[in-house]
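Trainee:
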Amino acid sequence: MIYQPGHYYHIFNRGAQKLEIFYEPKNYEYLLSIFQRNMDKYGVTIAAVCLMPNHYHIILSQGEEGSIGRFLRTSFNTYVQGMNKVYRRHGTLFQGQCKVKHIDSDEYLVQVVRYVHRNPVEAGYVDDPKAWQYSNYAEWIGERNGALMDEALLRAYFQTHQQYRRFVEEYRGSDTVNQIMTYTFDKAFER
2 MIYQPGHYYH IFNRGAQKLE IFYEPKNYEY LLSIFQRNMD KYGVTIAAVC
52 LMPNHYHIIL SQGEEGSIGR FLRTSFNTYV QGMNKVYRRH GTLFQGQCKV
102 KHIDSDEYLV QVVRYVHRNP VEAGYVDDPK AWQYSNYAEW IGERNGALMD
152 EALLRAYFQT HQQYRRFVEE YRGSDTVNQI MTYTFDKAFE R
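First residue of the sequence shown: 2, per our numbering; consecutive thereafter.
(1) With H, G and I counted as helix, E and B as strand and the rest as coil, what does DSSP make of Leu61?
(2) Is it true that the region 80-94 meets the region 63-71, where meeting means three or more beta-carbon pairs spaced less than 8 Å apart?
(3) What three-state label does DSSP hand Pro6 in the structure shown?
(4) Does the pairing of the region 11-19 with the region 47-64 give three or more beta-carbon distances under 8 Å?
(5) What did DSSP end up calling Met40 once you bin it into helix, strand or coil?
(6) Since Trp133 contacts Leu155 with CB under 8 Å, what's their CB separation in whole angstroms?
(7) Quick check for students: name the residue ranges of the beta strand (DSSP E) that lie wholly in the region 100-166, counting only runs of 3 or more.
(8) Might you give, ordered along the chain, the residues of its own chain that have their beta carbon closer than 7 Å to the beta carbon of Pro6, omitting 5 neighbours on each side?
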């Protein structure tokens, strides 16, 4: 896929054979640190991220000189190599190449960000998205400082962190979320 500067993309994938890709908390932290390290290097901005036990979602964009493709390849190759070394395993962790969906409207963008942040709630892991440590929802609502946050995107659509929090908390289902679920594997919020 050819990524356009300034456009947002929803990137997602799951574990090979639907198996877990994170075995313990330090694995989630390791991948998030890889993302943080590679963002500037490849000119990528992460808008939303959520790492789940057997899959992940990332919404990102690239600058004029950026490369989403190189960011993804480097980040996930580093993660798989590290996991293989630590756990004495071989092969890939993921089910083929990551899936990519170009986000083609502002309305769709805010809906998919909310979808990503609500993923652990809908899957039954937590009751409140801020309780899931492996997403950047806490940054979006101003309760944690971190580099994995597109503050400009937040400000473009919401006046305050609390306004975004209400937007997430007041979710009651929508056609847009159903549309998102048709192209992801989250239809049954597989655990």
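All C-beta atoms in this analysis are idealised placements derived from N, C-alpha and C, irrespective of residue type, glycine included. Please read these numbers as outputs of a predicted model, since none were measured by experiment.
Mentor: According to the structure shown:
(1) DSSP places Leu61 in strand when its eight states are reduced to three.
(2) Too few Cβ pairs lie closer than 8 Å, so no.
(3) DSSP places Pro6 outside both helix and strand once states are collapsed to three, so it counts as coil.
(4) Of all C-beta pairs linking the region 11-19 to the region 47-64, three or more are shorter than 8 Å, placing the two stretches in contact.
(5) The answer is helix: DSSP assigns Met40 an H, G or I state.
(6) Actually they are not in contact, since the Cβ atoms of Trp133 and Leu155 sit about 18 Å apart, beyond 8 Å.
(7) Here the runs fully enclosed are 100-104.
(8) If the five residues before and after Pro6 are omitted, its C-beta is found closer than 7 Å to the C-beta atoms of Gln63, Gly64, Glu65 and Gly67, all from its own chain and listed in chain order.
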